[in-house]
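Have a look at the structure below, then the notes.
Residue numbers (my numbering): 1 to 294.
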């Protein structure tokens, strides 16, 4: 991934594009390509082959360099983080019944639930393998710190995912903006911004830097990222956004917009919000709603 060395003086969009291209190549190099190719390894390669934002590896690399790391010291962790992100995306699409991801059909839509879950598991396993290989190059104490950071991130992310699923399943409606921010701190911020920043800083500083400020910065950055994504799901262009529009609403996800609506709607409007957004809408009804323009 040596081309990353050349992106330091580029603007942010160009940097993200170049980092994304290099990371995609490294992810594909890390993935097995044997048998059963048709039922596993070809599926595992689908999401890593599709251009994404590359925010997570870019943050990891930037933080590492800011604290003195060479690109080679941190690039393996950046690749592992993006592989895990792709694993999470596969599983998210299964949970949500999503139809589009990065402008193409999701794995679950193309190959079914069982094959998609298996491919997502495979991506998570390979992410761990890349982490392990990279951590072996570090001092043992520093490697232990990085692995502890990984464990914390994984648990926080699962806690957030469980909370969101629980809110939808149990039709939880009495929520505040603070509840939403607590949710995305776990579901989004830990693995999208906080973890990449902290790993990069940890490796760059040799484990000596105070990581506390990166939690605060990562939370605000990650919250802004998630709120913007929630809004794009309501009003964005499907071709540019790369996912189906209104998917969050059909699924009954407690976004900040929906939390605000549920807390301010009254009377018949409140009943309509509760009946419409209390649980996910099956895919057949989603497609019917799109065709009818609703």
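Glycine included, each C-beta is placed from N, C-alpha and C at the ideal position.
Quick check on residue 276: buried or exposed, where buried means 16 or more other Cβ atoms within 10 Å of its Cβ?
Residue numbering aside, residue 276 sits at position 276 when the chain shown is read from its first letter. Exposed: under 16 other Cβ atoms inside 10 Å.
How many angstroms separate the CA atom of residue 112 from the CA atom of residue 46?
If you number the chain shown from 1, residue 112 lands on position 112. If you number the chain shown from 1, residue 46 lands on position 46. If you take the alpha carbons of residue 112 and residue 46, they lie about 14 Å apart.
Ignoring anything shorter than 4 residues, give me the alpha helix (DSSP H) runs that lie fully in the segment 137-175, in order along the chain.
Runs of the alpha helix (DSSP H) inside the segment 137-175: 140-169.
Does DSSP put residue 294 in a helix, in a strand, or in coil?
Along the chain shown, one-based indexing puts residue 294 at 294. Bear in mind that a pLDDT of 39 at residue 294, under 50, signals an unreliable position, so the model cannot answer this.
Answer with buried or exposed for residue 144, where buried requires no fewer than 16 other C-beta atoms within 10 angstroms of its C-beta.
Within the chain shown, numbered from 1, the residue matching residue 144 stands at position 144. Exposed.
So what's residue 116 in DSSP terms, helix, strand or just coil?
Counting from one through the chain shown, the residue named residue 116 turns up at place 116. The answer is helix: DSSP assigns residue 116 an H, G or I state.
Do residue 218 and residue 194 have their CB atoms nearer than 8 Å?
As a first step, residue 218 is located in the chain shown; it is residue number 218 there, counting from the start. As a first step, residue 194 is located in the chain shown; it is residue number 194 there, counting from the start. Going by C-beta atoms, residue 218 is nearer than 8 Å to residue 194.
Beta carbon of residue 84, beta carbon of residue 48: below 8 Å?
Counted from its first residue, the chain shown places residue 84 at position 84. Counted from its first residue, the chain shown places residue 48 at position 48. Not a contact, by the Cβ cut-off of 8 Å.
According to DSSP, is residue 287 helix, strand or coil?
On the chain shown, residue 287 is found 287 positions in, with the first residue counted as 1. Because the pLDDT of residue 287 is 47, which lies under 50, any placement of that residue in the model is unreliable, and the number read from its coordinates should be weighed accordingly. Correct three-state label for residue 287: helix.
Going by Cα to Cα distance, which pick from 42, 171, 41 and 101 is closest to residue 247?
Here residue 247 refers to the residue found at position 247 of the chain shown. When each option's Cα is compared against that of residue 247, the closest is 101.
Touching or not, the segment 165-185 and the segment 56-74, by the rule of three or more beta carbon pairs under 8 Å?
Not touching, per the Cβ criterion.
DSSP three-state label for residue 62, please.
Sequence index remark: in the chain shown, residue 62 carries index 62 (1-based). Here residue 62 sits in helix by DSSP.
Give every residue of the same chain whose Cβ lies closer than 6 Å to the Cβ of residue 244, excluding the five residues on either side of it in the sequence, and list them in chain order.
Along the chain shown, read from residue 1 onward, the residue named residue 244 stands at position 244. 99 and 100.
Decide if residue 190 is buried, meaning its Cβ has at least 16 other Cβ atoms within 10 Å, or exposed.
Position 190 of the chain shown, counting from 1, holds the residue named residue 190. Buried is the call here.
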